[in-house]
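Residue numbering for the sequence shown follows the UniProt record's numbering, beginning at 1 and increasing consecutively.
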Amino acid sequence: MSRAEKAATKAAGVTLRGLPRIPDAVKRLMLGGRSITVDGNTLDPTLHLMLAGQRALGLDGLVGDDDIVTARAQLELLSASFKQHIPVASVTDLTIPGPAGPIAARHYRTEYPDAPLLVFFHGGGHAMGSIETHDDLCREICRSARLHVLSVDYRLAPEHKAPAGCDDAYTAYLWALQNAAALGADPARVAVGGDSAGGNLSALVTQRARDDRAPLPALQVLIYPGTNAAAQTRSMTLFANGFFLTRRDIEWFKATHLDGTGIGADDARVSPMHADDLSGLSPALIITAGFDPLRDEGRQYADALRAAGTPVDYREYGTVVHGFANFFALGGDSATATADFISAIRAHLTRVG
1 MSRAEKAATK AAGVTLRGLP RIPDAVKRLM LGGRSITVDG NTLDPTLHLM LAGQRALGLD
61 GLVGDDDIVT ARAQLELLSA SFKQHIPVAS VTDLTIPGPA GPIAARHYRT EYPDAPLLVF
121 FHGGGHAMGS IETHDDLCRE ICRSARLHVL SVDYRLAPEH KAPAGCDDAY TAYLWALQNA
181 AALGADPARV AVGGDSAGGN LSALVTQRAR DDRAPLPALQ VLIYPGTNAA AQTRSMTLFA
241 NGFFLTRRDI EWFKATHLDG TGIGADDARV SPMHADDLSG LSPALIITAG FDPLRDEGRQ
301 YADALRAAGT PVDYREYGTV VHGFANFFAL GGDSATATAD FISAIRAHLT RVG
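Next up, the structure:
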């Protein structure tokens, strides 16, 4: 990463850290009274100001550079710049035996005995992101949902293209089933979940468990998931640029993940919407954002699961962008939406068993 790129990323982090201290009325003044309304939803002023700040710094989209090393470093630096280090009972790094070597993981322990366990897969387009970029979100889920979280560092493209990441995710889920009690969790309430690419992996792991006749997750938590890499939806066009995740980002992630594998975008191994059978799956909590190019494919997957008889709790937060769960520390609607879906996770897993 060049000095200029590092400086811009650090400046973006400084801007983000200051946002929670600015009253909404002042934010609107800073935006010149402008607002963005699409499909009856008005973009949260905190996120509107964040996006305006990114553009002012020359940052466009989630992928700041086509060089994978630089792109990853920018995301790590940005996420680290406004970490809160939310306290939980304990945090332990560990490794899980994987199909191509040890898989790094992090266990966030809750103080509540025999609590559920959420196996969490981070977002980042199957090419970026890590345990560290999603550390605060996992801590917040652990604390507020009163459950254990096992965050998994699955293999990433382009070094490890599809289906490597899914193989790791599935292996980690099976390991969690076998080791839940040793982690202090309830073996009967092991769920899977993740954001964006992690939501995609959670859906794929659930389908694979059904196909393998393995125990199903108690719940699948799909946070603005990618469900159909071949999709050309209205939201993909509406929010192609200017709302954090861009269409260019999505195409870059797709190429990084799939090129040279012989796996097409409409292959059920990467696009759960294209599975031949969507019946017999775990109950789903599906989250979408109103200003997200992936919004419509999340909606469509929820509808398809319901039609196949799978219980679905679908929640669309109309005023936020893709990635909002990582922005809960900024306050505003990101914080409200994140708190709501975490409460829903707790409620669903409390009812299991």
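Ideal Cβ positions, reconstructed from N, Cα and C, are used throughout, including at glycine. Treat the numbers as computed from the prediction; the structure is a model and nothing was measured.
Query: Considering just the uninterrupted stretch of the alpha helix (DSSP H) at residue 253, what are its terminal residues?; Result: 247-258
Query: Could you pull the start and end residues of the alpha helix (DSSP H) that residue 348 belongs to?; Result: 332-351
Query: Which stretch, first to last residue, makes up the beta strand (DSSP E) that contains residue 185?; Result: 185-195
Query: Keeping to the same chain, check which residues put their C-beta closer than 8 Å to that of residue 357; ignore five residues upstream and five downstream.; Result: Lying outside 1 to 353, the shown extent of the chain, residue 357 is not represented and no answer is given.
Query: Roughly how many angstroms lie between the CA atoms of residue 248 and residue 48, to the nearest whole one?; Result: 20 Å
Query: Between the Cα of residue 103 and those of 77, 164, 259 and 260, spot the shortest distance and give me the residue it belongs to.; Result: 164
Query: For the alpha helix (DSSP H) that contains residue 34, what are its first and last residues?; Result: Taken as a continuous stretch (DSSP letters only), residue 34 belongs to no alpha helix (DSSP H), as it is neither H nor E.
Query: Evaluate residue 270 with the Cβ neighbour count: other Cβ atoms within 10 Å of its Cβ, from every protein chain shown; 16 or more gives buried, anything less gives exposed.; Result: buried
Query: Taking just the CA atoms, how far does residue 346 sit from residue 115?; Result: 10 Å
Query: If you draw a straight line from the alpha carbon of residue 143 to that of residue 181, how long is it in whole angstroms?; Result: 19 Å
Query: Taking the DSSP output, what are the residues bridged to residue 99?; Result: 101
Query: Compare the Cα-Cα distances from residue 186 to each of 117, 351 and 193 and report the closest residue.; Result: 117
Query: Buried or exposed, going by whether 16 or more other CB atoms sit within 10 Å of the CB of residue 276?; Result: exposed
Query: Return the chain-ordered list of same chain residues with a C-beta closer than 6 Å to the C-beta of residue 63, the five sequence neighbours on each side being excluded.; Result: 71, 249 and 252
Query: Starting from the C-beta of residue 176, find all residues in its chain whose C-beta is less than 7 Å away, skip the five residues before and the five after it, and write them out in chain order.; Result: 117, 119, 150 and 190
Query: Can you tell me which of the three DSSP states residue 288 falls into?; Result: strand
Query: For the beta strand (DSSP E) containing residue 222, list its first residue and its last residue.; Result: 220-223
Query: Ordered along the chain, which non-local residues of its own chain (more than five positions away) have a Cβ less than 6 Å from that of residue 361?; Result: This structure cannot settle anything about residue 361, because the visible part of the chain is limited to 1 through 353.
Query: When you compare only the Cα positions, how much space is there between residue 279 and residue 31?; Result: 47 Å
Query: Between residue 224 and residue 266, how many whole angstroms is the CB-CB distance? I'm expecting something under 8 Å.; Result: With a Cβ gap of about 20 Å, residue 224 and residue 266 do not count as contacting.
Query: Return the chain-ordered list of same chain residues with a C-beta closer than 8 Å to the C-beta of residue 173, the five sequence neighbours on each side being excluded.; Result: 119, 190, 192, 205, 209 and 217
Query: Among 213, 160 and 263, which one has its Cα closest to the Cα of residue 101?; Result: 160
Query: Residue 324 and residue 289: beta carbons closer than 8 Å?; Result: yes
Query: According to DSSP, is residue 78 part of a helix, a strand, or is it coil?; Result: helix
Query: In whole angstroms, what separates the C-alpha of residue 39 from that of residue 315?; Result: 16 Å
Query: Please go through the same chain and pick out, in chain order, the residues whose beta-carbon is closer than 8 Å to the beta-carbon of residue 331, but skip the five residues on each side of it.; Result: 19, 20 and 46
Query: Taking the alpha helix (DSSP H) that residue 52 falls in, what are its first and last residues?; Result: 45-56
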